[in-house]
Amino acid sequence: MLILVSGSHAQERQSGQTFGSPDTVENTIAADIETWDDFRQHLIDQYGLTVSADYTAVLLSANETLTDDTGAGGVARLYGTYDLFDVENGTLVWKFEHRHAYGDTSPFDFSLGQIGYVGL
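This note's numbering applies: residue 51 is where the sequence shown begins, and numbers increase by one.
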């Protein structure tokens, strides 16, 4: 038995204030998102730089293995683009990635050594 769990979180932008005062959680989050969006647009307009981030968590489990029966880990990514000279002349696409285990066995080590998977 092989179980793969992956999660992601996305938050949609709200079009206006919700019920309550401007200090309610929903309205505070909406204001923070607008501030972030303005900052990102400033980076694009002023420097030609876009920045994004994501995180993925993975849990693998098997009922008949050699020693460990689970492997868990995560991947944190920071990526974006940079317009070197002008929008029409070229763009540098960049990505930084950090993979890590939640414990002794990473998902890669678990799949390769414990359940016999070979692949990318």
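For glycine and all other residues, C-beta sits at the position ideal for the given N, C-alpha and C. Being a predicted model, the structure only gives us computed values, none of them experimental.
- Distance check between TYR105 and each of VAL75, ARG149, SER156, PRO157 places ARG149 closest, using alpha-carbon atoms only.
- About 7 Å separates the beta carbon of TYR132 from that of THR141, a gap short enough to meet the 8 Å contact definition.
- Assigned with DSSP and collapsed to three states, ALA81 falls in helix.
- In this structure, the CA atom of LEU134 is about 38 Å from the CA atom of GLU76.
- Listed in chain order, the non-local C-beta contacts of ALA103 below 8 Å within the same chain comprise ALA126, ARG127, LEU128, TYR129, local neighbours out to five positions each way being set aside.
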